[in-house]
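Heads up, the working numbering is the position in the sequence shown plus 2, with the first residue counted as 1. For every residue, glycine included, the Cβ atom is placed at its ideal position computed from N, Cα and C.
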Amino acid sequence: VPPPVFPLFLHLVFRRLRKRLNDIDNHIDTLTAQELKGSTFLKLTRDDLSGIQVPLGPAKEIVELINDIQGEK
Numbered sequence: 003v004p005p006p007v008f009p010l011f012l013h014l015v016f017r018r019l020r021k022r023l024n025d026i027d028n029h030i031d032t033l034t035a036q037e038l039k040g041s042t043f044l045k046l047t048r049d050d051l052s053g054i055q056v057p058l059g060p061a062k063e064i065v066e067l068i069n070d071i072q073g074e075k
């Protein structure tokens, strides 16, 4: 089964995550498996990330990136 096609927004977000964290690819795979839309991604919380088994360090970086993106609006 081919992976779902994600909006350009999420590809750009994941690129920014890769710049922040070296070993983020497996967590990006976890996020991708959740079939998120861009607007849903921006609503993720630390609890959401914990619920899908993203460890504390990467989860904090993801939440920080979400906050940065929301501040750019």
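Classify residue i as helix, strand or coil using the three-state DSSP reduction.
| i | result |
| --- | --- |
| glutamate 37 | coil |
| glutamine 55 | coil |
| leucine 44 | coil |
| asparagine 28 | helix |
For residue i versus residue j, is the C-beta spacing smaller than 7 Å?
| i | j | result |
| --- | --- | --- |
| glycine 40 | proline 60 | no |
| leucine 44 | isoleucine 26 | no |
Does any residue of chain C bring its CB to less than 7 Å from the CB of residue i?
| i | result |
| --- | --- |
| leucine 38 | Note that chain C does not occur in the displayed structure, where there is just one protein chain. |
Under 8 Å by Cβ, that's how I've got residue i and residue j pegged, so tell me the actual separation to the nearest angstrom.
| i | j | result |
| --- | --- | --- |
| leucine 38 | isoleucine 64 | Not quite, the Cβ-Cβ distance comes to about 11 Å (not below 8 Å), so this is no contact. |
Does the distance between the C-beta of residue i and the nearest non-hydrogen atom of the ligand NAP fall short of 6 Å?
| i | result |
| --- | --- |
| leucine 51 | Looking at this structure, you won't find the ligand NAP or any other ligand, since it has none at all. |
Who are the near neighbours of residue i in its chain, counting only those whose CB is closer than 6 Å to its CB and skipping five residues on each side?
| i | result |
| --- | --- |
| phenylalanine 11 | Gly40 |
Kindly indicate which residue of the options has the alpha-carbon position closest to the one of residue i.
| i | options | result |
| --- | --- | --- |
| leucine 58 | Asn69, His29, Thr34 and Leu44 | His29 |
| serine 52 | Leu44, Leu67, Asp27 and Leu33 | Leu33 |
| glutamine 55 | Ile71, Ala35 and Gln72 | Ala35 |
Within a Cβ cutoff of 8 Å, which residues of the same chain sit near residue i, ignoring the five residues on either side of it in sequence?
| i | result |
| --- | --- |
| lysine 62 | Arg48 |
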